[in-house]
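Engineer: Residue numbers 3 to 339, in our numbering, belong to the letters of the sequence shown in order.
My questions will all concern the structure given below.
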Amino acid sequence: MFRFANPEYLHLLVLAVALAAVYVLTYVVARRRVKRFGDWQVLKTLVPGYSGKRPVVKFVLAELALVSLIFMLARPQYGWQVDEQKNKGIEVVISLDVSNSMLAEDIRPNRLERSKLLISNLIDRMQNDKVALQVFAGEAYPQLPITNDYVSAKMFLDAVDVNMITLQGTSLAAAIDLAAASFTENAKVGKAVVVITDGEDHEAGAIEAAKRASQKGMHVYVLGAGSPQGAEIPTPEGPFTDENGNVVRTALNEEMCCQVAEAGDGAYIHIDNTNNAQEELQNHLARLQQAEETITYKSYNEQFRTLAILSLVLLFFEFYMSETKNPLLGKIKLFKR
Numbered sequence: 003m004f005r006f007a008n009p010e011y012l013h014l015l016v017l018a019v020a021l022a023a024v025y026v027l028t029y030v031v032a033r034r035r036v037k038r039f040g041d042w043q044v045l046k047t048l049v050p051g052y053s054g055k056r057p058v059v060k061f062v063l064a065e066l067a068l069v070s071l072i073f074m075l076a077r078p079q080y081g082w083q084v085d086e087q088k089n090k091g092i093e094v095v096i097s098l099d100v101s102n103s104m105l106a107e108d109i110r111p112n113r114l115e116r117s118k119l120l121i122s123n124l125i126d127r128m129q130n131d132k133v134a135l136q137v138f139a140g141e142a143y144p145q146l147p148i149t150n151d152y153v154s155a156k157m158f159l160d161a162v163d164v165n166m167i168t169l170q171g172t173s174l175a176a177a178i179d180l181a182a183a184s185f186t187e188n189a190k191v192g193k194a195v196v197v198i199t200d201g202e203d204h205e206a207g208a209i210e211a212a213k214r215a216s217q218k219g220m221h222v223y224v225l226g227a228g229s230p231q232g233a234e235i236p237t238p239e240g241p242f243t244d245e246n247g248n249v250v251r252t253a254l255n256e257e258m259c260c261q262v263a264e265a266g267d268g269a270y271i272h273i274d275n276t277n278n279a280q281e282e283l284q285n286h287l288a289r290l291q292q293a294e295e296t297i298t299y300k301s302y303n304e305q306f307r308t309l310a311i312l313s314l315v316l317l318f319f320e321f322y323m324s325e326t327k328n329p330l331l332g333k334i335k336l337f338k339r
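As structure tokens, then:
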């Protein structure tokens, strides 16, 4: 079976045809202008070493090299074979709290940005694992379905901010339930729900949601961002205030985080200004069962190398061919009169 992997490059053949047309037109016009001065055969004798064929041959060589390069860019492929690749990994659904309290700066630069940095490093260390991303506040929303496309995962992560959800609050139950429904149906693979929050849960049912996830074979890991001492929530207009004008101070609720993690057969990890949370989470995930997945795909045989060599050969001869006759070769007379 013959095919082009990138057939869109074949449109460049129009350029090769246009160059050939321009050259032929120029050649015909030039010949007509020269004939105005006299007989063509007589005029050639007045120009020592003139060759009418060599410039044409040089152009043909350059044109063939261009066509060969265009076909090479289109990546011609002939024949294929079936390859199998076996991967081992786990599935991780990351649920990130984007409530206003995550803007507190009790960890640097703030709770949200520190959490995003942890997630980014976690994705960088993944190899054959699958990851999904979701955000939550008063409600939970998926951002990226479970995938092994790490580039897209980091792109969606960069776009996360506290303005993504208008309904404020912190509903851990909604986040865990949404995460539990985001995994594949592979029962053999280890599944981890990673919830990153400051623990200020304003909705009931988080512990029950963690238990339901645990009963399905999932492990709920809660990462607490912030400090128990708490901090103010900065805004462009100053510290965030409540309806009565009092400055709101948000503190990490470690007790709630520990209870949810214990109910979800996972662990609670505190995020601070060090990398300890990163390493501890990696150690927990490394203990999960890795399922082997076999990926079958067609591998086509590339043929562009032959065209690349042909292009180089054509360009070599075109470069070293002179447009005039070689005086040394002109002295050689095989047959004398």
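All C-beta atoms in this analysis are idealised placements derived from N, C-alpha and C, irrespective of residue type, glycine included.
Between E304 and the rest of its own chain, which residues show a CB-CB distance below 7 angstroms, the 5 nearest in sequence each way excluded?
Structural biologist: Here the set comprises R77, Q79.
Engineer: Starting from Q261, follow the alpha helix (DSSP H) in both directions and report where the run begins and ends.
Structural biologist: It spans 256-265 - the alpha helix (DSSP H) in which Q261 sits, taken as one unbroken run.
Engineer: In the DSSP assignment, the beta strand (DSSP E) including F4 goes from what residue to what residue?
Structural biologist: 4-6 is the extent of the beta strand (DSSP E) around F4.
Engineer: Mind checking R2: buried by the 16 CB within 10 Å criterion, or exposed?
Structural biologist: Since the first and last residues shown for the chain are 3 and 339, residue 2 lies out of range.
Engineer: Along the alpha helix (DSSP H) that carries K37, what are the first and last residues, could you check?
Structural biologist: Per DSSP, K37 belongs to the alpha helix (DSSP H) from 15-37.
Engineer: Residues bridged to Q300 by DSSP?
Structural biologist: According to the sequence provided, residue 300 is Lys. The question's Gln does not apply to it. In DSSP, K300 forms a bridge with V84.
Engineer: Suppose the cutoff is 8 angstroms on Cβ atoms and the five residues either side in sequence are ignored; what does the same chain contact list for S229 look like?
Structural biologist: Cβ neighbours of S229 beyond the five flanking positions: D108, I109, A253, L254, D274.
Engineer: Which runs of the beta strand (DSSP E) at least 3 residues long sit entirely within the segment 168-203? Give them in chain order.
Structural biologist: The qualifying runs are 193-199.
Engineer: Closest by CA to I311, which one among E86, V191, A67, Y143?
Structural biologist: The shortest C-alpha separation from I311 is found at A67.
Engineer: Report the start-end ranges of each beta strand (DSSP E) in the segment 108-143 that is 3 residues or longer and not cut off at the edges.
Structural biologist: The qualifying runs are 132-138.
Engineer: Reducing DSSP to helix, strand and coil, say where E205 ends up.
Structural biologist: Of the three classes helix, strand and coil, the one that applies to E205 here is coil, per DSSP.
Engineer: Looking at K300 and D85, is the spacing between their C-beta atoms short of 9 angstroms?
Structural biologist: Contact flag set, yes.
Engineer: Can you tell me whether Y322 is buried or exposed, with buried defined as 16 or more other CB within 10 angstroms of its CB?
Structural biologist: When all chains shown are included, Y322 counts as exposed.
Engineer: Measuring CA to CA, which of D131, I72, F138 is closest to M104?
Structural biologist: Taking only the C-alpha atoms, the option nearest M104 is F138.
Engineer: How should G54 be labelled, buried or exposed, when 16 other C-beta atoms within 10 angstroms of its C-beta is the threshold for buried?
Structural biologist: Looking at its Cβ environment, which holds fewer than 16 other Cβ atoms inside 10 Å, G54 is exposed.
Engineer: Does DSSP put E320 in a helix, a strand or coil?
Structural biologist: Helix.
Engineer: Rounded to the nearest angstrom, what separates G240 and F185 at their Cα positions?
Structural biologist: Between G240 and F185, the C-alpha separation is close to 41 angstroms.
Engineer: The alpha helix (DSSP H) spanning E281 covers which residue range?
Structural biologist: Segment 278-288, the alpha helix (DSSP H) holding E281.
Engineer: Tell me whether the segment 253-272 and the segment 208-224 touch, counting them as touching only if at least three CB pairs, one residue from each stretch, are closer than 8 angstroms.
Structural biologist: Output reads yes: the segment 208-224 touches the segment 253-272.
Engineer: Is there contact here, the segment 272-288 with the segment 175-184, by at least three beta-carbon pairs under 8 angstroms?
Structural biologist: Judged by Cβ distances under 8 angstroms, the segment 272-288 makes no contact with the segment 175-184, as fewer than three pairs qualify.
Engineer: Which value, in whole angstroms, describes the spacing of the CA atoms of I125 and P147?
Structural biologist: The alpha-carbon atoms of I125 and P147 are separated by roughly 14 angstroms.
Engineer: Report yes or no: do the segment 57-75 and the segment 87-99 share at least 3 C-beta pairs separated by less than 8 angstroms?
Structural biologist: In short, these stretches do not touch, since the Cβ pair count stays below three.
Engineer: Let me know the secondary structure DSSP gives P147 once reduced to three states.
Structural biologist: Looking at P147 - three-state DSSP - the assignment turns out to be strand.
Engineer: Following the continuous alpha helix (DSSP H) through I72, name the residue where it begins and the one where it ends.
Structural biologist: Looking at the DSSP string, the run of the alpha helix (DSSP H) that includes I72 is 56-75.
Engineer: Looking only at its chain, what residues have a beta carbon closer than 8 angstroms to the beta carbon of P9, apart from the 5 residues adjacent to it on each side?
Structural biologist: If we look at P9 and ignore the five residues flanking it on each side, its Cβ neighbours are A76.
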